[in-house]
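There are 2 protein chains.
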Amino acid sequence: MDDFKVVLDEKEIPYQWYNVVRDLPFQLPPPINPGTKKPLTKDDLRPIFPLSLIEQEVSQDSWIAIPNEIRDIYRMWRPTPLRRARRLEKLLKTKSRIYYKDESVSPTGSHKANTAIVQAYYNKKEGIKRLVTETGAGQWGSALSFACNIFSLSCRVYMVKVSYHQKPFRKSLMHIWGAEVIPSPSEKTECGRKILSLDPHCQGSLGIAISEAVEEAAKDKLANYSLGSVLNHVLLHQTVIGLETRKQLKKAGEKPDYLVACVGGGSNFGGFVLPFIKEHLKNRKIKIIAVEPSACPSLTRGLYRYDFGDTAMLTPLVKMFTLGHKFIPPGIHAGGLRYHGCSPLISALAENGIIESISCRQLEVFKAAVTFAQAEGIIPAPETAHAVKVAIDLARQNKEKCIVFNFSGHGFLDLSSYDKFLSGELKNYAYPLNEIKRSLKDLPKL
Amino acid sequence: MDDFKVVLDEKEIPYQWYNVVRDLPFQLPPPINPGTKKPLTKDDLRPIFPLSLIEQEVSQDSWIAIPNEIRDIYRMWRPTPLRRARRLEKLLKTKSRIYYKDESVSPTGSHKANTAIVQAYYNKKEGIKRLVTETGAGQWGSALSFACNIFSLSCRVYMVKVSYHQKPFRKSLMHIWGAEVIPSPSEKTECGRKILSLDPHCQGSLGIAISEAVEEAAKDKLANYSLGSVLNHVLLHQTVIGLETRKQLKKAGEKPDYLVACVGGGSNFGGFVLPFIKEHLKNRKIKIIAVEPSACPSLTRGLYRYDFGDTAMLTPLVKMFTLGHKFIPPGIHAGGLRYHGCSPLISALAENGIIESISCRQLEVFKAAVTFAQAEGIIPAPETAHAVKVAIDLARQNKEKCIVFNFSGHGFLDLSSYDKFLSGELKNYAYPLNEIKRSLKDLPKL
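Just so you know, the protein sequences line up as chains A and B, in that order. So the number in the working numbering is just where the residue sits in the first sequence, counting from 1, plus 3. So the number in the working numbering is just where the residue sits in the second sequence, counting from 1, plus 3.
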């Protein structure tokens, strides 16, 4: 009988990350310095990023070597298995073949570790002592804490307040790995204090937490900022996911008809699909689908404009699909998807019709997650469940298709939201269209 | 460079379970029917167990075939990796080589799934509609819920009250897989009511929860009882762990000097070490160490006597190391190790000097767990952390030894206890010697 898992051995961990930029049929619009209104220079980024990551951010090389020290750490959990969801297929009585790349086997339980260790590594090499970051659901915060612990860097995490309370145990993980966790908005930063003065009960958002982390990192010479998504170099590091998946599908004798992943900032989606783009551009044989929450629908309801990456307007201006940097999404449990924008790279792929996007509502997402957990045994993170939902819908069409999705993280630390769902307490959020309309009025003029 | 994991492919999942009984240099003392005071008959067990499991319980065959339906479910997560703890070795600056068999990769996060699916399978085959069981930390309860969900059996779990509150999220898992969870002692059973009338604040124990589950199962023709440890057939199913480990060590060119596992009822320890016993009896080259909590030290401080497996004296009498069936252990966080006795099979190995045992205190165990989590990235369950503690102590002796321990489960659902440890709230318990002395006075006379 056929296997349930397609496994690779450690020698098959990629030796290089793949940089898609060179293979794109268009130029990426450059980030803009909001002060000069001119394209961003490397020097603009020096106060918060190490040079090696800035080089990667703007690199035009198609392949960038993975340092051996990093491959050795990858070997703690990589290559990750590509699983055939045989029991789910049976449950759905589908002719489709469903595969999922299981990134939940990383020590921190999600794909975020793939870039966290890389960012900690380069910062350490360039003499940085401390990293400051934000986190939504806590997947990124725990991953960076893990990475800082490995490289003996100290770490401070601004955690979106709604998640800080919804997901206390990702906080515990960060503490085990020695990081300091602060609910955002906080009194520790100017922008935090400003937001709290306007709304003392503000539940926070990724945009606000980014502002606090960037503000703090910019002020401290020995500290840098670390971002878990959105930027080119983050997506670059995550391409180990898609590169392994390609090998594994080949091994299984499969060609994907659908690639599905959830999208917040875009690193999980990008890391999974970018290695397939070059071939896709030739024959357009794959449907590549980004899944986002209806409560924060940047790709499906946002505008493709230059905007700030954060709420306090401290970041460069990047061209992306955005709901406006002032948009604060409802407190859905998929905290990792509560971002007002989306990676410029992914946004450009969407704008150019190379990928598709779709949005789902909270209750249908959790329903799909429970179906998956009952069939496959593994509990998806609420973010991951967005991909699960669409994969199941595609399979229900019952065509002989190969559906592959990225299982970005497990939900062992999100069980309180499953409790709420099972007890009927969880609610759907309507499209926050008025809030979006309002915040889109505040897009920066260029 | 050498690998971090020794992996097997799915064809290498064992085709048979190993039954050690035949290879032992002694006869196992038979279980006794407390009523007749005569050796237990198969019929005595029929009210609560299916015939096929009873046959396995008393089997003298060395090898018992694993049904294909079971192997197919094993393939969802087996073979599990044998990991080389290279980063921990480095941290400890040890000459020893440390390996751990990672059973935490099962859908339920522990080794318990290995027998849960087997017990559900045979009960289903024999027309049973419902399984009733107990659980301590919730590892077993979630595993059986998972298994019942796979075989469409309904499932009721009596969960030790202290864990029910300490570990709410194992409960969530059980709910996701469709089981009903009841804090024990409860008002649902005679023995539960009796205990609550004596002590309304009773925090419960495995012994009490077993009583409630057995009482309920015995009363319902279509329901059976399911036990997660202690009995021969449970240890039998768990031997897939040790059988795979042997193959993997061979692949790595290693011969173990130490085998270490935590012990509560004994299924995790037994499943890991039993496949090594036959060779061990020949050359006595391996030190086999069972680790238990000082708060519940059956092997190190108990007596080798006939005793009841439960508090309400509903079970047969089995000869085992026991603290007395009335002993209620302090509320340590390693809920899965809070059992007054120990598997008769493991007890006999201890009595005959074939294995050694050692006990550890809660704080040193958590300290070791955090060290491990920082080095290897994986968070051990508090039960598992007992094995981690001893493996680290052995490695600190800095001899060129091969130390192999069983990583029975992850601690993603035990993070509240890590919080308490890190914040200094967690306390040590002294040996409860007076309570033990008292409860040992109540051993049944034969």
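Backbone N, C-alpha and C fix where the C-beta goes; we use that ideal spot for every residue, glycine too. Computed from a prediction, not measured in an experiment: that's the story for all the values here.
When you compare the CB positions of residue i and residue j, do they come within less than 8 angstroms of one another, or not?
i	j	result
Met162 (chain A)	Gly195 (chain A)	no
Gly327 (chain A)	Thr318 (chain A)	no
Arg25 (chain A)	Gln63 (chain A)	yes
Ile289 (chain B)	Ile361 (chain B)	no
Gln169 (chain B)	Ser419 (chain B)	yes
Val21 (chain A)	Pro278 (chain A)	Sequence inspection shows Tyr at residue 21 (chain A); the Val mentioned does not correspond to that position. For Tyr21 (chain A) and Pro278 (chain A), yes; Cβs fall inside 8 angstroms.
Glu367 (chain B)	Cys265 (chain B)	no
Leu429 (chain B)	Gln365 (chain B)	yes
Tyr495 (chain B)	Glu72 (chain B)	Outside the shown range of chain B (4 to 449) lies residue 495 (chain B), about which nothing can therefore be said.
To the nearest angstrom, report how far apart residue i and residue j are at their CA atoms.
i	j	result
Ile179 (chain B)	Pro34 (chain A)	45 angstroms
Asp47 (chain B)	Asn227 (chain B)	13 angstroms
Ala376 (chain B)	Glu403 (chain B)	23 angstroms
Cys158 (chain B)	Thr138 (chain B)	12 angstroms
Lys253 (chain B)	Leu11 (chain B)	12 angstroms
Met4 (chain A)	Leu234 (chain A)	At Met4 (chain A), the pLDDT of 46 sits below 50, so the modelled position is not reliable; the number obtained from the coordinates is stated separately. Their backbone Cα atoms lie some 43 angstroms apart in a straight line.
Arg287 (chain B)	Asn355 (chain B)	13 angstroms
Val243 (chain A)	Tyr77 (chain B)	28 angstroms
Leu91 (chain B)	Ile382 (chain B)	13 angstroms
Gly181 (chain A)	Ser208 (chain A)	24 angstroms
Ala119 (chain A)	Pro70 (chain A)	14 angstroms
Ile331 (chain A)	Leu320 (chain A)	18 angstroms
Met79 (chain B)	Phe7 (chain A)	6 angstroms
Phe324 (chain A)	Gly267 (chain A)	11 angstroms
Tyr434 (chain A)	Cys363 (chain A)	10 angstroms
Glu183 (chain B)	Met177 (chain B)	7 angstroms
My output table needs one value for residue i: the three-state DSSP class, helix, strand or coil.
i	result
Pro17 (chain A)	coil
Tyr102 (chain B)	strand
Glu257 (chain B)	coil
Leu443 (chain A)	helix
Met4 (chain B)	For Met4 (chain B), the pLDDT reaches just 46, beneath the cut-off of 50, and the residue's location in the model is therefore unreliable, although a value from the coordinates is still provided. In the structure shown, Met4 (chain B) sits in coil (DSSP, three-state: anything other than H, G, I, E or B).
Phe410 (chain B)	strand
Ile292 (chain B)	strand
Tyr342 (chain A)	coil
Lys448 (chain B)	coil
Leu306 (chain A)	strand
Lys322 (chain A)	strand
Ser419 (chain A)	helix
Glu137 (chain B)	strand
Ala529 (chain B)	Examination of residue 529 (chain B) is not possible in this model, given that chain B is present from 4 through 449 alone.
Tyr228 (chain A)	strand
Ala315 (chain A)	coil
Ser1 (chain A)	In this structure chain A extends from 4 to 449, so residue 1 (chain A) is not present and cannot be described.
Trp66 (chain A)	strand
Ala88 (chain A)	coil
For residue i, count neighbouring C-beta atoms within 10 Å of its own C-beta (all shown protein chains included) and say buried if the count is 16 or more, exposed if not.
i	result
Ser155 (chain A)	exposed
Gln251 (chain A)	buried
Phe29 (chain A)	exposed
Pro53 (chain B)	buried
Leu225 (chain A)	exposed
Asp417 (chain A)	buried
Arg399 (chain A)	exposed
Asp202 (chain B)	exposed
Pro347 (chain B)	buried
His240 (chain A)	buried
Glu379 (chain A)	buried
Does residue i get closer than 8 angstroms to chain C when you measure Cβ to Cβ?
i	result
Arg133 (chain B)	Given the protein chain composition of this structure (A and B), no chain C is represented.
Practice item. Scan the stretch 414 to 432 of chain A for residues whose Cβ lies nearer than 8 angstroms to a Cβ of chain B and list them as they occur along the chain. Key: Phe415, Leu416, Leu418, Ser419, Tyr421, Asp422 and Leu425
Exercise for review: Mind checking the stretch 174 to 190 of chain B against chain A and listing, in chain order, the residues whose C-beta falls within less than 9 angstroms of any C-beta there?
Suggested key: Lys174, Ser175, Leu176, His178, Ile179, Trp180 and Gly181
Review point. Closer than 9 angstroms, Cβ to any Cβ of chain A: which residues of the stretch 80 to 111 of chain B, in chain order?
Key: Trp80, Arg86, Arg89, Arg90, Val108, Ser109, Pro110 and Thr111
Exercise for review: Could you name the residues of the stretch 230 to 263 of chain A whose beta carbon sits closer than 9 angstroms to any beta carbon of chain B, in the order they occur along the chain?
Suggested key: none
Review point. Using a Cβ cut-off of 7 angstroms, which residues of the stretch 376 to 401 of chain B contact any Cβ in chain A, in chain order?
Key: Ala376, Gln377, Gly380, Ile381 and Ile382
Check your understanding: Name the residues in the stretch 139 to 160 of chain A whose C-beta lies less than 9 angstroms from a C-beta of chain B; which are they?
Key -> Phe149, Asn152 and Ile153
Review point. When you check each C-beta in the stretch 351 to 374 of chain B against every C-beta of chain A, which residues fall closer than 8 angstroms?
Key: Val373
**Study point:** the stretch 8 to 20 of chain A: positions lying closer than 8 angstroms to chain B by Cβ
**Key:** Lys8, Val10, Asp12 and Glu13
**Study point:** Contact residues within the stretch 161 to 173 of chain A, judged by C-beta distance below 7 angstroms to chain B
**Key:** Phe172
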